[in-house]
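For the sequence shown, position 154 matches number 153 in numbering that gives the first Met the number 0, and the numbering has no gaps at all. Even glycine gets a Cβ: it sits at the ideal position worked out from N, Cα and C. Report on the structure given below.
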Amino acid sequence: MPTSQKSLAQAIRDRRATPSFDGEPIPASDLRQILDAGLHAPSGYNMQPWRFIVVQHPEQKKRLRAASYNQAKVEEASAVIVACGDRDGWRKDLDEMLRLGRAGGMPESYAAQAENSVPAYLSGMSYDQMSGWLNKMVTYATMSMLLMAEVMGYDTAPMEGFEQQKVCETLKLPMSYFVVSLLAIGKLSGPDKFYGGRFDMSHTVFGEEFGKPLK
Ligand SMILES: Cc1cc2nc3c(=O)[nH]c(=O)nc-3n(C[C@H](O)[C@H](O)[C@H](O)COP(=O)(O)O)c2cc1C
0 MPTSQKSLAQ AIRDRRATPS FDGEPIPASD LRQILDAGLH APSGYNMQPW RFIVVQHPEQ
60 KKRLRAASYN QAKVEEASAV IVACGDRDGW RKDLDEMLRL GRAGGMPESY AAQAENSVPA
120 YLSGMSYDQM SGWLNKMVTY ATMSMLLMAE VMGYDTAPME GFEQQKVCET LKLPMSYFVV
180 SLLAIGKLSG PDKFYGGRFD MSHTVFGEEF GKPLK
């Protein structure tokens with residue numbers, strides 16, 4: 000499947016939530032480049048609590064579709080990246096985060112502070128607070144993947160229409176995993192989605208404080 004690079008500005012402008020895909024396989028090297036873009040995303044304390052399950056096998060896509068309100072594009076896509084967060088990721092990964100950081104020049108004062116504040120901050124979170132935290136972190140990474148895929152000439156569709164428990168069962172996810180969204184990737188088949196438009200900047204952006212127009 001040939002891919003052509005677009006500028007990021009063009010990819011952002013052209014992107015639509017793709018309604019239907021042709022299902023052609025994505026070369027493994029392209030998929031890895033897309034995934035790698037996500038793994039370079041920022042995260043709180045660099046804890047990288049995201050986990051991604053890449054679904055490409057036809058039978059598994061069919062099962063995932065059944066867990067996603069029968070949305071056809073789950074099965075039609077070349078690959079579906081199931082973006083998850085691990086509620087317990089920080090417990091397992093704190094030492095590795097510090098090791099990587101030190102290797103990259105993290106000051107000892109920073110490491111000592113993180114070693115205390117990461118458990119203090121994250122262990123005190125309720126289930127809902129942790130879900131909110133994971134939503135934030137995982138979505139940054141997923142958006143990086145979406146944009147990289149679009150720049151590479153692929154089409155994408157982010158999805159929240161799935162049943163949490165069913166997806167967890169289908170993918171045999173550990174109990175600590177929380178599914179944030181699905182990202183379908185492939186090539187558009189048929190007409191693209193209409194452009195739904197965007198609210199005017201004066202409706203959604205303020206300068207300095209709420210209600211003041213941005214100058
Ligand atoms: C987090 C998220 C979840 C979404 N879930 C679905 C979904 O389950 N099914 C679907 O058809 N579209 C889904 N969409 C696509 C939106 O409907 C679409 O982005 C929106 O209508 C704007 O259209 P555009 O992306 O083409 O500009 C989702 C988008 C986002 C960002």
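Heavy atom of ligand 1 within 7 Å of residue 64 beta-carbon: no
Identity of the residue in 23, 21, 84, 66 nearest residue 43 by Cα: Minimum Cα distance to residue 43 is reached at 84.
Span separating the alpha-carbon of residue 39 from that of residue 192: 30 Å
Chain-ordered residues, beta carbon under 6 Å from a heavy atom of ligand 1: For ligand 1, the selected residues are 15, 16, 70, 157, 158, 159, 160, 180, 192, 195.
Cβ pair residue 66, residue 20 closer than 8 Å: Pairing residue 66 with residue 20 gives a Cβ-Cβ distance that is not under 8 Å.
Separation of residue 108 from residue 16, as counted between CA atoms: Distance from the CA atom of residue 16 to the CA atom of residue 108, rounded to whole angstroms, is 45 Å.
Own chain partners of residue 206 with C-beta closer than 8 Å, once the 5 adjacent residues on each side are dropped: 212, 213, 214
Same chain, Cβ closer than 6 Å to residue 165, neighbours up to 5 away in sequence not counted: 66
Helix, strand or coil at residue 84 [DSSP, three-state]: strand
Buried or exposed by the 16-neighbour rule on C-beta atoms within 10 Å, applied to residue 24: Residue 24 counts as exposed, since fewer than 16 other C-beta atoms from the protein chains shown sit within 10 angstroms of its C-beta.
CB of residue 52 within 8 Å of CB of residue 147, strictly: no
Short Cβ contact (8 Å threshold) for residue 117 with residue 49: no
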